[in-house]
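Structure, as structure tokens:
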Amino acid sequence: HAPTLWLMHLLVFVDQKCGVLLKAILCASLLFLEAHNLHLTHSIATSDDFFGFKRQKLDEDTVDPLGSVRPTDYEKTRI
4 HAPTLWLMHL LVFVDQKCGV LLKAILCASL LFLEAHNLHL THSIATSDDF FGFKRQKLDE
64 DTVDPLGSVR PTDYEKTRI
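Note that my numbering has the sequence shown beginning at 4, numbered continuously upward.
Here you go:
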């Protein structure tokens, strides 16, 4: 997380040569990366019984930040 925050600091406060549009795109990308990393860190810590939750099995349904890969009941009825 520290390298991402350091890069954002350089882009926003230090760099003078980079254009505003490029700064906005890079900062948005770095913010997405930071949010994704925090979510994955929290998911792994939760599944490892770090926060006091019951230990979970590690599969794509519990770790994937986009949610379950299995179709829901609503999706099954639509098909």
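From the three backbone atoms N, C-alpha and C, an ideal C-beta is built for every residue, glycine too.
Bear in mind the structure is a predicted one, so any value in this text is a computation, not a measurement.
Whole-Å CB distance - residue i paired with residue j, under 8 Å assumed
{"i": "leucine 83", "j": "cysteine 30", "result": "The structure shown does not extend to residue 83, since the chain is modelled only from 4 to 82, so the question has no answer here."}
Through-space distance from residue j to residue i, alpha-carbon basis
{"i": "glutamine 19", "j": "leucine 36", "result": "23 Å"}
{"i": "serine 32", "j": "leucine 43", "result": "17 Å"}
{"i": "leucine 24", "j": "aspartate 52", "result": "42 Å"}
{"i": "glycine 22", "j": "isoleucine 28", "result": "10 Å"}
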